[in-house]
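Have a look at the structure below, then the notes.
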Ligand SMILES: Nc1ncnc2c1ncn2[C@@H]1O[C@H](COP(=O)(O)OP(=O)(O)OP(=O)(O)O)[C@@H](O)[C@H]1O
Ligand SMILES: [Mg+2]
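Residue numbers (my numbering), protein chains in the order written: chain A, 1 to 597; chain B, 1001 to 1460.
Structural data, given as structure tokens:
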């Protein structure tokens, strides 16, 4: 038992002998919780997850004997938790609309009874190793929760409960450890959030994460188990893009971490996901989703923790053999929380007030993404997608530049595109993906062997048009050749007919890989047909006036992913639209047919 | 402890006082200082240990004689007395009456820092508020419970725009009976405060307004309290008395500068431009108090006004604000110089909640597409205007000339309107179609073909 010596914002100095770094502490009459981040002899420095107003020097303080940990077991899905995994819905029932301090509510519901089905492989007397599946609980209709042996446990299984209903606090089994001690098993276990959960080995990421967003899937793909960042100035669309991914991606579990962002955005997710159907299972999307919310007005220390709580939950589902996606909005707020605490600790800032360890902490965090072979021998993955909010939209600032070195897929959002309401405002020149080769294998196998070359053609066209646009801005469009004008037009067609994809468009909000490729191929075909004509001497002006161009810009919103037959018919008819012009110009240009027409 | 006065001030510097040897003082506690002349000042404990307590003094530490300063720790945070009687009243920046009338008598006193709203308790704002201004209603709609700042600059008519919103704001098809205004000014000039007061008076809402005024010549540090006091009053009106509260606060830049001043004194590590790293969290504590709560009738809609230093939208104050609020209305000097009122620069303006509060069941079915089309067409037209400046308008194609004409008409007739002109959303949308009809229909791909057929007035 110790006492408070000093209170300085979220930091408290304690007289608390024999504590260890990272240990949880409970301080003051209100029982506020925090963690030890520094020690000097018998004094310890702790950061508290709750507002310290009203706390006094001299009040008691106590070490709890464990680091910040989360409860892992059935009851997580569909829930919303704060930055230290307190269940916000249950908190609301307990203490009203505002978050009261010192309220302790267990993360997992204690009274729910889950139907446990033991794994037939687990027999009494057999060896039980960390990560082994003890059995399953059908948590939601789409997700079967595998009950895992705590990762560090190893021993002889003495007994395991038969099929039946249990709460998370019921003992479902017992294990004899090597030293003879007996350990009880429950439907849940705890894990410290700052320690990555173990696995057998890392695996190669193989399949792309399909998000239904063309600029992502077709142009800058991400793999399941990969790392991506979405930097962009305010209002550019980071949150919308992450919400789109949370809605439509083909992962089995989605962890949405609102880290220092708006309360209403979480409300939006909470209200909209139960209404939306998973395009792969047909079940309400909320069944596969869980939210971690530390909004910008909630205490800053818990904000720092929220990212780790989120990634630990993600790893836990990975260990059950699932493909998990975690979106973190925004990692900049996490970095700022780090900066705030380091500032109060008087640590030497290196750039823009950030401590020297910013880069290594970021890297260690992203390192927890990946596809792995689990302890139980399954395959699971954690895909990590972090939003970055650079001050003033300047990508050279520390958080963006460090992140850029860590991730493989970079979806750069541009203010210019967002201002013109080109959504998603992903800049096709600034963005990159290191996963194109691997993704190409999948697209070749599942959609079309020409995916990689079509993608490259479209990007070339976009790059060329950027050059041409610069010329136009200097001397006007008249300076361009016919071919160049057509290139400009075709690039415009790709931007409007393919890259633009409004989240609010019910038909086009999600585009299946097949639809994505069909549109891409179609627009490239229009470009090719036109190019042939221009080369034959047809004036670009005539091509640009073709009604087909305006029509093709609407195709994305006219044809949903469920039925592509009508779209494919339109695509098949593209050559017909060019036929009159072809007849006209092919005849004048090709001597052999001169007399014919 | 409340009743004991200590005379142990050990040092004082620009707003901060260190008290020695007062054990057990609560963090965040309110402090009362009595100086040698018997004048009272108020402060707050920002750091506390048994041997030294750091106090921030809101009226500053000028002319404080440490030997003759008596300090009382009030053992509670700053609280605001609340009752229905606050309507029609004027308070100073820390919530004391400033209209010569008696204090509010009530047992209900609330911590002005509030408590964070549980995200699971929020209700998503979806009700369209008609402001009668096309640039806002048509393209950057406001919804009940939204926080939508006005980004402005010195000499721009942000006060007039804010006052017009207050005068005209209404829900479609609903009486404005349960609608009240909380107005907070910090660092504002007397002229600005008077302008608002008169505007409220003229529109006859003065008895439905609560004002918190910390003007330019009043203590700087007190500004840290003003928005919090105002929002505490707003929360009470909205969530206890069921009012729909429109909160107007001006000028957030003065607030942030006050925060910086204190941060520098405390020796906090600066992040950008000398502003402390916690400016984001601090602003968020203020802005996030707007909103709606499940199963409660009232709402808080927040319109902070801020002037962008050197018209720079990337300056930390507008930047961090934009990262927290649900969009922004940006006023521009260029339009203002051309005599366009309200000079709303629409491209960098944004309302994030618009998408959920407009359209078929809220305004009109074509609204989302029309807004998107206006943005796209205007953005394109501005490119043409840029081009025309280089190569000369004579060189432009016919299509480009039409785009130029559209841009001009759009700025003058759609964005521009009278200060007393209160356009219904239907008038706004019809006007939008009239202007879009200046452009060839095949270039309007953000609206549906059905909408084109119904509303486009031109020939294909
Ligand atoms: N894919 C999209 N489809 C349609 N609209 C979009 C899309 N992306 C963004 N928007 C529009 O832009 C607005 C801002 O987007 P969003 O809130 O995602 O920005 P942000 O980058 O997260 O900003 P901040 O950093 O301030 O949180 C949205 O409210 C929406 O109106
Ligand atoms: Mg966002």
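Even glycine gets a Cβ: it sits at the ideal position worked out from N, Cα and C. Remember, predicted model here, so these are calculated numbers, not experimental data.
Nearest to residue i by alpha carbon, out of the options?
| i | options | result |
| --- | --- | --- |
| residue 1255(B) | 1219(B), 1095(B), 1243(B) | 1219(B) |
| residue 430(A) | 463(A), 439(A), 510(A), 78(A) | 463(A) |
| residue 1007(B) | 1027(B), 1036(B), 1133(B) | 1036(B) |
| residue 998(B) | 1294(B), 1365(B), 1092(B) | Examination of residue 998(B) is not possible in this model, given that chain B is present from 1001 through 1460 alone. |
| residue 1250(B) | 1267(B), 1420(B), 1186(B), 1292(B) | 1186(B) |
| residue 485(A) | 73(A), 499(A), 145(A), 469(A) | 469(A) |
| residue 1132(B) | 1225(B), 1154(B), 1179(B), 1167(B) | 1167(B) |
| residue 389(A) | 325(A), 383(A), 42(A), 415(A) | 415(A) |
| residue 159(A) | 539(A), 186(A), 61(A) | 186(A) |
| residue 385(A) | 74(A), 209(A), 132(A) | 209(A) |
| residue 1144(B) | 1123(B), 1359(B), 1320(B) | 1123(B) |
| residue 299(A) | 1302(B), 1084(B), 1315(B), 1282(B) | 1282(B) |
| residue 398(A) | 355(A), 379(A), 97(A) | 355(A) |
| residue 218(A) | 313(A), 329(A), 435(A), 268(A) | 435(A) |
| residue 551(A) | 312(A), 529(A), 359(A), 577(A) | 577(A) |
| residue 1395(B) | 478(A), 569(A), 282(A), 521(A) | 478(A) |
Using a threshold of 8 Å, is the CB atom of residue i nearer than that to any non-hydrogen atom of ligand 2?
| i | result |
| --- | --- |
| residue 466(A) | no |
| residue 403(A) | no |
| residue 246(A) | no |
| residue 535(A) | no |
| residue 1131(B) | no |
| residue 262(A) | yes |
| residue 239(A) | yes |
| residue 329(A) | yes |
| residue 336(A) | no |
| residue 265(A) | yes |
Is residue i near ligand 1 - that is, is its Cβ less than 8 Å away from at least one heavy atom of it?
| i | result |
| --- | --- |
| residue 348(A) | no |
| residue 1322(B) | yes |
| residue 234(A) | yes |
| residue 158(A) | no |
| residue 504(A) | yes |
Do we get a CB-CB distance below 9 Å when we pair residue i with the residues of chain D?
| i | result |
| --- | --- |
| residue 1122(B) | Absence of chain D from the displayed structure is noted, the protein chains being A and B. |
Our contact map puts residue i next to residue j with C-beta atoms below 8 Å; I'd like the distance itself, whole angstroms only.
| i | j | result |
| --- | --- | --- |
| residue 553(A) | residue 496(A) | 5 Å |
| residue 1527(B) | residue 1286(B) | In this structure chain B extends from 1001 to 1460, so residue 1527(B) is not present and cannot be described. |
| residue 382(A) | residue 369(A) | 5 Å |
| residue 189(A) | residue 74(A) | With 8 Å as the limit, residue 189(A) and residue 74(A) do not qualify as a contact, their Cβ atoms being about 12 Å apart. |
| residue 1046(B) | residue 1056(B) | 5 Å |
| residue 1245(B) | residue 1237(B) | 5 Å |
| residue 1156(B) | residue 1343(B) | 7 Å |
Within 8 Å: the Cβ of residue i and any heavy atom of ligand 3?
| i | result |
| --- | --- |
| residue 1284(B) | As for ligand 3, it is missing from this structure, which binds only ligand 1 and ligand 2. |
- Inspect the CB distances between the region 58-65 of chain A and the region 299-315 of chain A and report whether three or more fall short of 8 Å. no
- Message: Does the structure place the region 225-243 of chain A close enough to the region 1094-1109 of chain B that three or more beta carbon pairs sit under 8 Å?
- Response: no
- Message: In chain order, what are the residue ranges of uninterrupted beta strand (DSSP E) at least 3 long that sit wholly in the region 301-327 of chain A?
- Response: none
- Task: Starting from the N-terminal side, write out each stretch of the alpha helix (DSSP H) that is 4 residues or longer and does not extend beyond the region 326-378 of chain A.
- Result: 331-344, 358-366
- Task: Tell me, please, whether the region 1266-1277 of chain B touches the region 1140-1149 of chain B by the rule of three or more beta-carbon pairs shorter than 8 Å.
- Result: no
- Query: Considering only residues of the region 1044-1102 of chain B, which uninterrupted alpha helix (DSSP H) runs meet the minimum length of 4 residues and lie entirely inside it, listed in chain order?
  - Reply: none
- Task: Quick one: which unbroken beta strand (DSSP E) runs of 3-plus residues sit fully inside the region 434-503 of chain A? Chain order, please.
- Result: none
- Runs of alpha helix (DSSP H) wholly within the region 1170-1219 of chain B (minimum 4 residues, chain order): 1190-1202
- Query: What are the complete beta strand (DSSP E) segments, minimum 3 residues, inside the region 121-150 of chain A?
  - Reply: 127-129, 133-138, 144-148
- Message: Extract the residue ranges of the beta strand (DSSP E) inside the region 147-226 of chain A, only unbroken runs of 3 or more that lie entirely within it.
- Response: 154-160, 164-166, 173-177, 182-185, 189-192, 201-203
- Message: Could you check whether the region 110-127 of chain A touches the region 135-145 of chain A, counting it as contact only if at least three pairs of C-beta atoms, one from each stretch, sit closer than 8 Å?
- Response: yes
- For the region 505-520 of chain A against the region 1404-1416 of chain B, are there 3 or more C-beta pairs whose distance is under 8 Å? no
- At least three beta-carbon pairs within less than 8 Å, the region 236-255 of chain A to the region 449-461 of chain A: no
- Query: Are the region 328-348 of chain A and the region 146-160 of chain A in contact at 8 Å, needing three or more beta carbon pairs?
  - Reply: no
- Report yes or no: do three or more beta-carbon pairs, one from the region 88-97 of chain A and one from the region 37-47 of chain A, lie closer than 8 Å? no
- Message: Count Cβ pairs between the region 554-563 of chain A and the region 524-534 of chain A that sit closer than 8 Å; are there 3 or more?
- Response: no
- On the three-pair Cβ rule with 8 Å, is the region 1437-1449 of chain B touching the region 1375-1388 of chain B? yes
- Task: Check whether the region 314-334 of chain A touches the region 1298-1318 of chain B, counting contact only when three or more Cβ pairs, one atom from each stretch, lie closer than 8 Å.
- Result: no
- Is it a yes or a no for the region 1013-1032 of chain B touching the region 1072-1088 of chain B, going by three-plus beta-carbon pairs under 8 Å? yes
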